[in-house]
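>
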Amino acid sequence: MVAELIRRLANSLAFMAVLFLFLIATLYFVANTGEHLDSFGRSYHWLMFGTVIALGLIGILILASVWRLVVDLQRNVSGSRLSLKLVIMLVVMALLPMTLVYSFSVKFLRSNIDSWFDVEVERALDDALGLSRDSLTVYMRTRQKTTLNIARRLSDTPVELAVVVLNEFGSDSEATELTLIGSDNRIIATTAFSDLVTVAPERPADDLISRARSGSSYLSIDPTDDGDLQVRSVVPVFSSDPADGTAVLYATYPVSRSSSQLAASVQESFRNYRQLAYLRAPLKQSSIATLTLAVFLSLMMAVWVAIYAARRLMVPVHDLVEGTRLVSKGDYTTRLTTSGRDELGYLVQSFNDMTGKIEAARANAASSQRQAENQRAYLELVLSRISTGVITIDENHTIKTSNASAENILRASPAYLQSVSIDAVDSIDNDFVRQFFTSVKPLISSQRDDWSLELELVTDMDRKPVMCRGATIQSSADQHAGHVLVFDDISDVVAAQRNAAWSEVARRLAHEIKNPLTPIQLSAERLQHKYAKKLHGNDASTLKKLTNTIVQQVESMKSMVKAFADYANSPQVDFKLTNLNELITEICWLYRDGDERDAIALDLDASIDTISGDPTRLRQVLHNVIKNAFETVGGDDVRRLSIITRPQPRSDMSCVQMVFEDNGPGFPPELLDRLFEPYVTSKKKGTGLGLAIVKKIVEEHGGVVRAENISIRVDGAPVVTGGRLSVLLPANMQRTQSAENSLLAATSASRPASSSPGSVNNRQSHPDIHGDAA
Amino acid sequence: MPNVINNNLMVPSPLRWNPAWLLAASLILLATTGNCASMRFESAGTYVKDNTYYLDSFARLELGDAPVKALANGVGLYFLVEIAVHKNRRWWIDTPVIERRLRYKLYYYDLTRHYRVENVQTGKSSNYRSLAAALRKLGSLNQFALMPVNKVDIKDSYTASIRVELDRTRLPGPLMAQALVSKDWQLESEVFRWLLN
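Protein sequence lines correspond, in order, to chains A and L.
Note that the first sequence ends on residue 2023 in this note's numbering; no numbers are left out.
Note that the second sequence ends on residue 301 in this note's numbering; no numbers are left out.
(1) Going straight from the alpha carbon of L250(L) to that of R1529(A), what length do you get?
(2) Buried or exposed: where does T1798(A) fall if 16 or more other Cβ atoms within 10 Å of its Cβ makes it buried?
(3) With a cut-off of 8 angstroms on the beta carbons, I'd call T1425(A) and P1503(A) a contact; round off their distance for me.
(4) Rounded to the nearest angstrom, what separates P2016(A) and A1673(A) at their Cα positions?
(5) Is A1750(A) helix, strand or coil by DSSP?
(6) DSSP on A1809(A), reduced to helix/strand/coil?
(7) Quick check: the Cα distance between V1639(A) and S1688(A), rounded to an integer number of angstroms?
(8) Roughly how far, in whole angstroms, is the beta-carbon of D1911(A) from the beta-carbon of T1865(A), given that I think they are within contact range, below 8 angstroms?
(9) Can you check whether the C-beta of V179(L) is within less than 8 angstroms of a C-beta belonging to chain A?
(10) Out of I1857(A), F1545(A), C1837(A), point me to the one whose CA is closest to A1850(A)'s CA.
(11) Comparing C-alpha positions only, which one of E186(L), G149(L), A141(L), L181(L) sits nearest to D169(L)?
(12) Answer yes or no: do A148(L) and W298(L) have a C-beta to C-beta separation smaller than 8 angstroms?
(13) Of the residues Y232(L), S244(L), K255(L), I266(L), which one's Cα is nearest the Cα of N155(L)?
(14) Could you name the residues that DSSP lists as bridge partners for V1497(A)?
(15) Give the straight-line distance between the Cα atoms of I202(L) and R1520(A), rounded to the nearest whole angstrom.
(16) Go ahead and label K1356(A) buried or exposed: buried means 16 or more other beta carbons lie within 10 angstroms of its beta carbon, across all protein chains shown.
(17) Does any C-beta atom of chain A lie closer than 8 angstroms to the C-beta of A174(L)?
(18) M1389(A) lies in the alpha helix (DSSP H); which residues open and close that run?
(19) Considering just the uninterrupted stretch of the beta strand (DSSP E) at F1736(A), what are its terminal residues?
(20) Among all the DSSP beta bridges, which residues are the ones paired with N231(L)?
(21) Between the segment 1617-1637 of chain A and the segment 1647-1662 of chain A, do three or more beta carbon pairs fall short of 8 angstroms?
(22) So with Cβ pairs under 8 angstroms, would you call G138(L) a contact of chain A?
(23) Does any C-beta atom of chain A lie closer than 8 angstroms to the C-beta of G149(L)?
(24) Please state whether DSSP places Q247(L) in a helix, a strand or coil.
(25) Is the Cβ-Cβ distance between I1648(A) and L1666(A) less than 8 angstroms?
(26) Taking C-beta pairs closer than 7 angstroms, name the residues in chain L that Y1595(A) reaches, listed in chain order.
(27) Residues of the segment 246-267 of chain L with a CB closer than 7 angstroms to any CB of chain A: list them in chain order, please.
(28) Given that Q282(L) touches chain A, what residues does it touch there, using C-beta distances under 7 angstroms?
(29) Where does I1311(A) fall in DSSP's three states?
(30) Among residues of its own chain, excluding the 5 on either side of L126(L), which ones have a beta-carbon nearer than 7 angstroms to its beta-carbon?
(31) Could one say the Cβ of R240(L) lies closer than 8 angstroms to chain A's Cβ atoms, at least one of them?
(32) Since L291(L) contacts E269(L) with CB under 8 angstroms, what's their CB separation in whole angstroms?
(33) Exposed or buried, which one is M1342(A) when buried takes at least 16 other CB atoms within 10 Å?
(34) Name the two residues that bound the continuous alpha helix (DSSP H) containing N1623(A).
(35) Comparing alpha-carbon positions, which option in D1680(A), L1498(A), F1686(A) lies nearest L1702(A)?
(36) Can you tell me which of the three DSSP states E1451(A) falls into?
Below, the structure is given as structure tokens:
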């Protein structure tokens, strides 16, 4: 509290200015004391007291400031060293000239005061005074004689005539007043000759009268109240008659005004000179004390001003040091208060500008970095979402980055991929990865700017056609910085091409084969009809058998051609509001009636409303799937098929899912990927077009179909207990819909190429391995 | 031949800086004037005449060496006489009835070798051949009209007091600084009190 008060006072310019002004005023008064001797009076005590207090206070404040400076120095506060240097420099700068001036001033003061006094002057004044005295003494003696003459006359004069004598002689004697005092101390006669009329005659002191009676005259010259001089004479008046006793004559004579003034002037000069001579030592002491006080005060002011100036000057420097320290720690928000328009202020302003620019630059850099990060993240997201695999290879032939599709296509983890070195492809144990990089390595090594390659990755279980394009990456300085490989799993493309080919084949078959079949059949029937009657015995039976065979085979070929035609043809889908549950129930009813072994369990969700679809085509889907399932089970096993429908609301459209689960042997894993392709079947008979047609119809409805095996774990090993076919159909599909709105498009867009092994969806349209139920 | 300009004062001649002289002077000072510097009221009293209180007092004033020397060197000395009458109160501080201050100046008049005592307030002065006479005059008050009788209530009790001091604040500046701290210049009497009758 007290320390804080002292600190504040020491730093308060106004307070210190008041103190210093008070001391300067005091000094002024003290310095003037010698000239105006009476100017102080009783206030001198208080002045001295106040001076001591003020000096003490200033001393304490300066000591506190110095102490603070030292403490700052010990604490290594920024700017404290410079402050101390500045203070020392300023104090020394003030001290040196001050000391010089002080020493010379003391010397001059002493010699100057001494020079006021001169022996000659003193002697001259003494002489003047003596001369004045002598002159006055002569005047006094003359008047004494006059008085004695009057006294002599009075001695023979009767008392009654004393007044007459006094008047007679007194008027000639220039006396101011003549008084005759009788032996009984009573005034016998008095007369005044001056203009001033006194009421009561002045009488000399009794001792002077006594002395006069005893014969000793008294003569003196006295200063009066109005500054003039007056001669006073007391003489005895001896009477001729001894019985009368001795009277006393008291006479006063004026000294002329001019003489009085001259004498007074001499007296005053003498007195002043004497006083000055007497006060010489105290004057020197007090002057030197005043000078010392002034110098001391100046020194204190210099010290305080030095500290104050240093502090004021150091404020921006301190701020700058602190600001620089903060900046070095990474805090660029620091802004310093501009202290003024001087160079330091300019420096502070420059510092502020600098930190502002750095902060802006950092913000820009951070923003750019964020943008780059965002762009990189976006790019990564895009790369991770696209079905195309992307791999970048650095100049050391090491995989730098890879996206999810690349990892999925090559069936390798990111870590595994990044550990791969293309220069050592033989050591790669992943078949796909090894085959891929074995194929692309020569092209990478060729340093061709742009190349493409179509290859097929083959394992015992699977084969995957891949289209790969490569390019070298050039850095800004045309430095070779690696390669980028972009590759696609073109299974879909191949499948589509295959589908297209099959469609073409089917169309040609339907067109080319179907037409001759009817004449063949008719011809065979005609043969039988015409020649059966003409032949007998074995010939007849042989003919019948042969023509029957021809007819049957033609029928068979017709049905096959029909199936191909169905597959190839894309009849106009007639979308109607169809109740899927009713449709399923109706179809199943047919099978339930047909064979007791067919146990179809229906789990239909009643909440499913009508969907938009072609009931005829959907009916074919159901027939194909149910037939396929039952044909798969085969043998004496109990056939079981569960048909489940569930609504599948999606964010973009509402869908309906149909799930078919059988208890058959499931789908052979090696055919899973190509299950929906034509002529892919594991059954001995059938065209292999059943599931291909299913897929085609489902896709016409904008849906997707997916096949997978149902497996359970027995003793830790998966055992297939059946097959599952899932069909997902949009609830409100229009024939005129755009491709983008179809479930197929939506699914393929969102498909992260993460279909698990053992499952396949419609994109991988492979023929039904179970055979064709169509 | 009458004894004219009888000067009893020994005007001090400048002392030479001689150790022997200094020692002798010190001894003399100790023996003779060492304790001389004092101011003391020997008597003071009031009486009523013509419905007025009059004061008679006598103080013995003795200056020390330093003031005497200063006087001899042309320095005027100021004396302050403070007279006061207070109404005595039992349970409270006394109330001043009258306070008078008389100022006198004592100086040496070289031309006529007189000591002059000047009443600063009235300007009246008187001349004395000796310092002792001048100090006697300074110390005595005769028939000083203090106050009218009606200033006091006969039923109450009053105390009169008087004191005298050398007014150091009126000394010349260079001397004042020294006089304010020196005991040689600290000349003041104790307050002399008496009951007003």
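Backbone N, C-alpha and C fix where the C-beta goes; we use that ideal spot for every residue, glycine too.
Fair warning: this is a prediction, and the values are worked out from it, not measured in the lab.
Taking the geometry as given:
(1) Here residue 250(L) corresponds to residue number 146 of the second sequence, with the count starting at 1. Here residue 1529(A) corresponds to residue number 280 of the first sequence, with the count starting at 1. Between L250(L) and R1529(A), the C-alpha separation is close to 42 angstroms.
(2) The sequence position of residue 1798(A) within the first sequence is 549, counting from 1. Exposed, by the Cβ-count rule.
(3) Your numbering for residue 1425(A) matches position 176 in the first sequence. Your numbering for residue 1503(A) matches position 254 in the first sequence. So it is a contact: roughly 5 angstroms between Cβ atoms.
(4) Walking along the first sequence from the start, residue 2016(A) turns up at place 767. Walking along the first sequence from the start, residue 1673(A) turns up at place 424. Because P2016(A) carries a pLDDT of 34, less than 50, the predicted location of this residue cannot be relied on, and the following value inherits that uncertainty. If you take the alpha carbons of P2016(A) and A1673(A), they lie about 39 angstroms apart.
(5) The residue you call residue 1750(A) lines up with position 501 of the first sequence. The answer is helix: DSSP assigns A1750(A) an H, G or I state.
(6) Residue 1809(A) sits at position 560 when you count from the first residue of the first sequence. Note that residue 1809(A) corresponds to Met in the displayed sequence, not to Ala. The answer is helix: DSSP assigns M1809(A) an H, G or I state.
(7) Locating residue 1639(A) in the first sequence gives position 390, where the first residue counts as 1. Locating residue 1688(A) in the first sequence gives position 439, where the first residue counts as 1. So the alpha carbons of these two residues sit roughly 16 angstroms apart.
(8) One-based indexing of the first sequence puts residue 1911(A) at position 662. One-based indexing of the first sequence puts residue 1865(A) at position 616. That belief does not hold up - the Cβ atoms of D1911(A) and T1865(A) are roughly 24 angstroms apart, past 8 angstroms.
(9) Counted from its first residue, the second sequence places residue 179(L) at position 75. Output row for V179(L): interface = yes.
(10) Locating residue 1850(A) in the first sequence gives position 601, where the first residue counts as 1. Out of I1857(A), F1545(A), C1837(A), C1837(A) has the C-alpha closest to the C-alpha of A1850(A).
(11) By one-based count along the second sequence, residue 169(L) stands at place 65. That would be A141(L), whose Cα lies nearest to the Cα of D169(L).
(12) In the second sequence, the residue the question calls residue 148(L) occupies position 44. In the second sequence, the residue the question calls residue 298(L) occupies position 194. For A148(L) and W298(L), yes; Cβs fall inside 8 angstroms.
(13) The residue labelled residue 155(L) in the question sits at position 51 within the second sequence. Checked all of Y232(L), S244(L), K255(L), I266(L); the closest Cα to N155(L) is K255(L).
(14) Taking the first sequence and counting its residues from 1, the one referred to as residue 1497(A) is at position 248. Per DSSP, I1430(A), P1485(A).
(15) Mapped onto the second sequence, residue 202(L) falls at position 98. Mapped onto the first sequence, residue 1520(A) falls at position 271. If you take the alpha carbons of I202(L) and R1520(A), they lie about 38 angstroms apart.
(16) Against the first sequence, residue 1356(A) aligns to sequence position 107. With fewer than 16 other Cβ atoms within 10 Å, it is exposed.
(17) If you number the second sequence from 1, residue 174(L) lands on position 70. So yes, A174(L) belongs to the interface.
(18) Sequence index remark: in the first sequence, residue 1389(A) carries index 140 (1-based). Here the alpha helix (DSSP H) through M1389(A) covers 1368-1404.
(19) Numbered from its first residue, the first sequence carries residue 1736(A) at position 487. Segment 1729-1738, the beta strand (DSSP E) holding F1736(A).
(20) Taking the second sequence and counting its residues from 1, one reaches residue 231(L) at position 127. DSSP, once it has assigned bridges, lists R220(L) as partnering N231(L).
(21) yes
(22) Here residue 138(L) is taken as the residue at index 34 of the second sequence, counted from 1. Low confidence applies here, because G138(L) scores a pLDDT of 44, under 50, leaving its location unreliable; read the following figure in that light. Taking Cβ atoms only, chain A never reaches closer than 8 angstroms to G138(L), which makes this a no.
(23) The count along the second sequence starts at 1 and reaches residue 149(L) at position 45. Not closer than 8 angstroms to any Cβ of chain A, the Cβ of G149(L) fails to qualify, so no.
(24) Residue 247(L) sits at position 143 when you count from the first residue of the second sequence. Three-state DSSP puts Q247(L) in a strand.
(25) Here residue 1648(A) is taken as the residue at index 399 of the first sequence, counted from 1. Here residue 1666(A) is taken as the residue at index 417 of the first sequence, counted from 1. Against a cut-off of 8 angstroms, the Cβ pair of L1666(A) and I1648(A) comes out as a contact.
(26) The residue given as residue 1595(A) occupies position 346 in the first sequence. Residues of chain L passing the Cβ test: none, with the nearest at roughly 53 angstroms.
(27) none
(28) Within the second sequence, residue 282(L) is the residue found at index 178, counting from 1. The contacting residues are P1531.
(29) Within the first sequence, numbered from 1, the residue matching residue 1311(A) stands at position 62. I1311(A) falls in the helix class under three-state DSSP.
(30) Start at 1 with the first residue of the second sequence, and residue 126(L) comes out as number 22. Here L126(L) scores only 49 on pLDDT, less than 50, and its place in the model should not be relied on; the value that follows carries that caveat. Around L126(L): no qualifying Cβ.
(31) By one-based count along the second sequence, residue 240(L) stands at place 136. Judged by the 8 angstroms Cβ criterion, R240(L) is not in contact with chain A.
(32) For the purposes of this step, residue 291(L) is identified with residue 187 of the second sequence, where counting begins at 1. For the purposes of this step, residue 269(L) is identified with residue 165 of the second sequence, where counting begins at 1. About 6 angstroms; that satisfies the 8 angstroms criterion.
(33) On the first sequence, position 93 is the one that residue 1342(A) refers to. The residue in question, M1342(A), is exposed, as its Cβ has fewer than 16 Cβ neighbours within 10 Å.
(34) Numbered from its first residue, the first sequence carries residue 1623(A) at position 374. Its alpha helix (DSSP H) spans residues 1592-1634.
(35) Numbered from 1 along the first sequence, position 453 holds the residue referred to as residue 1702(A). The candidate whose alpha carbon is nearest that of L1702(A) is F1686(A).
(36) Here residue 1451(A) is taken as the residue at index 202 of the first sequence, counted from 1. DSSP places E1451(A) in coil when its eight states are reduced to three.
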